[in-house]
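Colleague:
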Amino acid sequence: MRNIAGLLFAGGLAFLLLVLASYLPYGQTPMFLGDAILAHAPGEVHTANIVAAVLLAYRGIDTLGELSILFTAAAGVGLILGHRSLRSDSAGVNGAVNSEQHSGFITTRAVDLIMPLLMVVGFYIIFYGHVTPGGGFQGGVILATAFFLPVLVRPGTRIEHGVITLLEGLAGSGFILVGLWAMFYDQPFLQPIFDSFLGTGPLGSLWSAGSLPLLYLAVGLKVGSELAGLLVTVSEVPELSETNISDADDINRK
Amino acid sequence: MPAIEVVLYSGAIGLSIIGLTGLLLLNNVFRMLLALVILESGVNLLLILSGFRLAGVAPVILPEQLSNLSAIVMNDPVPQALVLTAIVIGVGVQALGLAMILRIKAQYGTLNMLKIREQLEFDLAVQSGVATPVSAHSPVSLASGRERQLSNHKDEQ
Amino acid sequence: MIWIVSIVVLVMLASAIAVLVLPNMIAAVAAASVVSLALAVLFALMKAPDVAMTEAAIGAGLSALLLAMGLKRLGLWQLED
Chain A
261 MRNIAGLLFA
271 GGLAFLLLVL
281 ASYLPYGQTP
291 MFLGDAILAH
301 APGEVHTANI
311 VAAVLLAYRG
321 IDTLGELSIL
331 FTAAAGVGLI
341 LGHRSLRSDS
351 AGVNGAVNSE
361 QHSGFITTRA
371 VDLIMPLLMV
381 VGFYIIFYGH
391 VTPGGGFQGG
401 VILATAFFLP
411 VLVRPGTRIE
421 HGVITLLEGL
431 AGSGFILVGL
441 WAMFYDQPFL
451 QPIFDSFLGT
461 GPLGSLWSAG
471 SLPLLYLAVG
481 LKVGSELAGL
491 LVTVSEVPEL
501 SETNISDADD
511 INRK
Chain B
3 MPAIEVVLYS
13 GAIGLSIIGL
23 TGLLLLNNVF
33 RMLLALVILE
43 SGVNLLLILS
53 GFRLAGVAPV
63 ILPEQLSNLS
73 AIVMNDPVPQ
83 ALVLTAIVIG
93 VGVQALGLAM
103 ILRIKAQYGT
113 LNMLKIREQL
123 EFDLAVQSGV
133 ATPVSAHSPV
143 SLASGRERQL
153 SNHKDEQ
Chain C
64 MIWIVSIVVL
74 VMLASAIAVL
84 VLPNMIAAVA
94 AASVVSLALA
104 VLFALMKAPD
114 VAMTEAAIGA
124 GLSALLLAMG
134 LKRLGLWQLE
144 D
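Chains as they are written, first to last, in this note's numbering: chain A, 261 to 514; chain B, 3 to 159; chain C, 64 to 144.
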């Protein structure tokens, strides 16, 4: 009964959406907001990448809210998985076993060689986010992956969460501080700042966009440290070995 | 007429409907998380489609375009910025769901949603002191309670 | 152009159905990663390079890594059957 109702609902929704989509003008969007932003962004914000201008200048408070949502998700994961009963029972046993199971010489050395290159790529994508496609979110994900790869090939190593948390807090407060710095110039919160040091280059150069690269750096470090903390927290949950599974099945059968 | 718009819209709507159907019909909690990921992807594609222009170029100004900026048609940057943040939030939500699934597996030892619901209702009944005549810690009462609830389910169906 | 888009959409929808019906969980996670990769190609074809980069880095990389680690911790990491 539940399956039939679900299928009917999904089919009806698909029909409704297809009918709605057939009325949409494909390829001729009436962009009221987008046209204004496209016309004004090169003169006002001096970014070559207009998506970066929308993310950081026109909708900067949105990005701040997005960062706080990500922080809430990471805090929820830490709260759920940081429970003592989930971690303590096999941290001694499984950790000792796992530390002997390294991933082999070739994988370990290759990851050690790749990790700094990935870091460079991540920071390049962050710093040139206002000039080329890319930016804090993409570069932050690459930074998180680069940080996590050496942990992945050495199972059983303990990571200090303090460094990740400190970096995360510094990046988040840096974003807000750059926003407050605009108020020092009698501008609204998170307004891009152009002074003699930050905003002198021509359109398309690194020093062209005022304080936007600083904001993107803060976003990149924040996203990178949040996602790295998520990955490390999930990786610290003990793995279910075969004996554990059979035990659980026995309990279920009783 | 297999126009490109039909293909793209049916792809986006089909992806959303497949994810929604998975969420409604599946019983495995982990597979429901995968269906949620697919649903998110379909909605993102639909949002990007709403800002697409036929003659549009990417909203990045190239150096050779600087002389005649007003003649260039660009895609809408606002949905692109929205989807950019939505993808990053999506992976956070996904990690939160995965953490909940890990806790459920550690607590109940199963991933079947119906079994989890039965055990959850049984635990709630035990904790609130409703309809559990014997002690909750004995396995006999657990099994009998589960069997009783199973028979209840069969009766309803 | 239309042939490329049609093939990519077909691959995307087929792997989305495969996520729901494949019995092996590792194959299901890999199919979810294929959906994200095809979606990144579509975003790039629709002139949204920022979104394509994000989808390729997160959907096909980090999300698959997270789900695979979750599989290992759930005891569902079984290569045979």
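Built from N, CA and C at the ideal position, the CB exists for glycine as well.
Determine, using beta carbons only, whether leucine 128/C comes closer than 9 Å to chain A.
Modeller: Locating residue 128/C in the third sequence gives position 65, counting from the first residue. Leucine 128/C counts as touching chain A.
Colleague: Compare the C-alpha of valine 90/B against each of Ala95/C, Gly138/C, Ala119/C and Ala91/C and name the closest.
Modeller: Working through the second sequence from its first residue, we reach residue 90/B at position 88. The option with the nearest alpha carbon to valine 90/B is Ala119/C.
Colleague: Does the segment 113 to 131 of chain C come close enough to the segment 390 to 403 of chain A that 3 or more CB-CB pairs lie under 8 Å?
Modeller: Yes, since at least three Cβ pairs between the segment 390 to 403 of chain A and the segment 113 to 131 of chain C fall closer than 8 Å, the two stretches touch.
Colleague: Note down, in chain order, all residues in the segment 109 to 120 of chain C with a beta-carbon under 7 Å from any beta-carbon belonging to chain A.
Modeller: Within the segment 109 to 120 of chain C, the residues whose Cβ lies closer than 7 Å to some Cβ of chain A are Pro112, Asp113, Met116, Thr117 and Ala120, listed in chain order.
Colleague: Mind the definition here: the segment 367 to 384 of chain A touches the segment 37 to 57 of chain B only if three or more C-beta pairs lie below 8 Å; say whether that holds.
Modeller: Touching, no, given that fewer than three Cβ pairs across the two stretches are closer than 8 Å.
Colleague: Going by DSSP, what residues sit across from methionine 76/B in a beta bridge?
Modeller: Within the second sequence, residue 76/B is the residue found at index 74, counting from 1. DSSP output for methionine 76/B lists Val59/B as bridge partner(s).
Colleague: Skipping 5 residues on each side, what residues in its chain have a beta carbon closer than 7 Å to that of leucine 25/B?
Modeller: The residue given as residue 25/B occupies position 23 in the second sequence. Only Met34, Ala37, Leu38 and Leu41 meet the Cβ criterion.
Colleague: Along chain B, in chain order, which residues have C-beta atoms closer than 7 Å to that of alanine 91/C?
Modeller: As a working note, residue 91/C is residue 28 in the third sequence. Per Cβ cutoff of 7 Å: Arg33 and Leu36.
Colleague: Could you tell me which residues DSSP puts in a beta bridge with asparagine 309/A?
Modeller: Within the first sequence, numbered from 1, the residue matching residue 309/A stands at position 49. Note: asparagine 309/A sits in a beta bridge opposite Val62/B.
Colleague: Rounding to the nearest angstrom, what Cα-Cα distance links proline 81/B and alanine 442/A in this structure?
Modeller: Locating residue 81/B in the second sequence gives position 79, where the first residue counts as 1. Locating residue 442/A in the first sequence gives position 182, where the first residue counts as 1. So the two alpha carbons sit approximately 27 Å from each other.
Colleague: In this structure, does DSSP put asparagine 114/B in helix, strand or coil?
Modeller: Walking along the second sequence from the start, residue 114/B turns up at place 112. In this structure, asparagine 114/B counts as strand in the three-state DSSP scheme.
Colleague: If the cut-off is 8 Å on Cβ atoms, which residues from the segment 457 to 478 of chain A count as contacting chain B, listed in chain order?
Modeller: Correct list: Leu463 and Gly464.
Colleague: Is there a Cβ from chain C that is less than 9 Å from the Cβ of phenylalanine 408/A?
Modeller: Residue numbering aside, residue 408/A sits at position 148 when the first sequence is read from its first letter. With 9 Å as the cut-off, phenylalanine 408/A counts as an interface residue toward chain C.
Colleague: Would the beta-carbon of leucine 134/C fall within 9 Å of that of valine 82/C?
Modeller: As a position in the third sequence, residue 134/C is number 71, starting the count at 1. As a position in the third sequence, residue 82/C is number 19, starting the count at 1. Contact: no.
Colleague: Give the residues of chain C in contact with leucine 104/B, contact being defined as C-beta atoms less than 9 Å apart.
Modeller: On the second sequence, position 102 is the one that residue 104/B refers to. Those within 9 Å of leucine 104/B in chain C are Gly133, Arg136 and Leu137.
Colleague: CB alanine 431/A to CB glycine 94/B, shorter than 9 Å?
Modeller: Sequence index remark: in the first sequence, residue 431/A carries index 171 (1-based). Sequence index remark: in the second sequence, residue 94/B carries index 92 (1-based). Cβ distance not < 9 Å, so alanine 431/A and glycine 94/B don't count as in contact.
Colleague: Within the 9 Å Cβ cut-off, does valine 59/B reach chain C?
Modeller: If you number the second sequence from 1, residue 59/B lands on position 57. For valine 59/B, the answer is yes, since a Cβ of chain C falls inside 9 Å of its Cβ.
Colleague: Would you tell me roughly how many angstroms separate the C-alpha atoms of phenylalanine 124/B and valine 132/B, rounded to the nearest one?
Modeller: One-based indexing of the second sequence puts residue 124/B at position 122. One-based indexing of the second sequence puts residue 132/B at position 130. If I take the Cα positions, the gap works out to 9 Å.
Colleague: When you compare only the Cα positions, how much space is there between isoleucine 70/C and glutamine 129/B?
Modeller: Counted from its first residue, the third sequence places residue 70/C at position 7. Counted from its first residue, the second sequence places residue 129/B at position 127. For isoleucine 70/C and glutamine 129/B, the distance between alpha carbons rounds to 55 Å.
Colleague: Pop quiz: threonine 323/A and valine 479/A are said to be a contact at Cβ under 8 Å. What is the actual Cβ separation, rounded to whole angstroms?
Modeller: For the purposes of this step, residue 323/A is taken as the residue at position 63 of the first sequence. For the purposes of this step, residue 479/A is taken as the residue at position 219 of the first sequence. Threonine 323/A to valine 479/A, Cβ: 7 Å. Contact.
Colleague: Bridge partners for asparagine 30/B per DSSP, in chain order?
Modeller: The residue you call residue 30/B lines up with position 28 of the second sequence. For asparagine 30/B, which the question treats as bridged, DSSP gives the partners Asn114/B.
Colleague: Name the chain A residues whose beta carbon is nearer than 8 Å to that of glycine 124/C?
Modeller: Residue mapping note: residue 124/C aligns to position 61 of the third sequence, counting from 1. Within chain A, the residues near glycine 124/C are Val401 and Thr405.
Colleague: Between the Cα of asparagine 87/C and the Cα atoms of Leu22/B, Thr23/B, Leu27/B and Phe32/B, which residue gives the shortest distance?
Modeller: For the purposes of this step, residue 87/C is taken as residue 24 along the third sequence, with counting starting at 1. Nearest option by C-alpha distance: Phe32/B.
Colleague: Look at the alpha carbon of isoleucine 453/A and the alpha carbon of glycine 470/A, and state the distance between them as a whole number of angstroms.
Modeller: Position 193 of the first sequence, counted from the start, is the residue given in the question as residue 453/A. Position 210 of the first sequence, counted from the start, is the residue given in the question as residue 470/A. So the two alpha carbons sit approximately 5 Å from each other.
Colleague: In this structure, does DSSP put alanine 5/B in helix, strand or coil?
Modeller: Taking the first residue of the second sequence as 1, we reach residue 5/B at position 3. In this structure, alanine 5/B counts as coil in the three-state DSSP scheme.
Colleague: Glycine 16/B and alanine 90/C - do their beta-carbons sit closer together than 9 Å?
Modeller: Residue numbering aside, residue 90/C sits at position 27 when the third sequence is read from its first letter. Residue numbering aside, residue 16/B sits at position 14 when the second sequence is read from its first letter. No, they are not a contact pair.
Colleague: Alpha carbon to alpha carbon, what distance is there between leucine 128/C and valine 74/C?
Modeller: Within the third sequence, numbered from 1, the residue matching residue 74/C stands at position 11. Within the third sequence, numbered from 1, the residue matching residue 128/C stands at position 65. Each residue's Cα considered, the two are about 21 Å apart.
Colleague: Taking its Cβ as the centre, do 16 or more other Cβ atoms sit within 10 Å of glutamine 141/C, making it buried, or is it exposed?
Modeller: The sequence position of residue 141/C within the third sequence is 78, counting from 1. Label assigned to glutamine 141/C: exposed.
Colleague: How many angstroms separate the CA atom of alanine 108/B from the CA atom of leucine 126/B?
Modeller: On the second sequence, residue 108/B is found 106 positions in, with the first residue counted as 1. On the second sequence, residue 126/B is found 124 positions in, with the first residue counted as 1. Whole-angstrom Cα-Cα distance: 18 Å.
Colleague: Would you mind giving the Cβ-Cβ distance between alanine 313/A and alanine 299/A, rounded to the nearest angstrom? I have them listed as a contact below 8 Å.
Modeller: Along the first sequence, one-based indexing puts residue 313/A at 53. Along the first sequence, one-based indexing puts residue 299/A at 39. About 12 Å; that fails the 8 Å criterion.
Colleague: Alpha carbons only, please: which of Gln451/A, Leu458/A, Gly461/A and Leu477/A is nearest the one belonging to isoleucine 321/A?
Modeller: To locate residue 321/A, count along the first sequence from 1; it is residue 61. The candidate whose alpha carbon is nearest that of isoleucine 321/A is Gln451/A.
Colleague: Out of Val68/C, Trp66/C, Leu100/C and Gly124/C, which one is the CA nearest neighbour of alanine 404/A?
Modeller: Start at 1 with the first residue of the first sequence, and residue 404/A comes out as number 144. The candidate whose alpha carbon is nearest that of alanine 404/A is Gly124/C.
Colleague: In the DSSP assignment, find the alpha helix (DSSP H) that holds tyrosine 388/A and state where it starts and stops.
Modeller: Your numbering for residue 388/A matches position 128 in the first sequence. It is not in any alpha helix (DSSP H) - tyrosine 388/A carries neither H nor E in the DSSP assignment.
Colleague: Use the C-beta contact count for phenylalanine 292/A: other C-beta atoms within 10 angstroms, 16 or more gives buried, fewer gives exposed.
Modeller: As a working note, residue 292/A is residue 32 in the first sequence. Exposed, since its Cβ has fewer than 16 Cβ neighbours within 10 Å.
Colleague: Are any of the Cβ atoms in chain A nearer than 9 Å to that of valine 82/C?
Modeller: By one-based count along the third sequence, residue 82/C stands at place 19. No, valine 82/C lies away from the interface with chain A (no Cβ there is under 9 Å from its Cβ).
Colleague: Pick from Ile121/C, Leu139/C, Val98/C and Ala131/C: whose alpha carbon is nearest that of glycine 92/B?
Modeller: Here the question's residue 92/B lines up with position 90 in the second sequence. Here the closest residue by C-alpha is Ile121/C.
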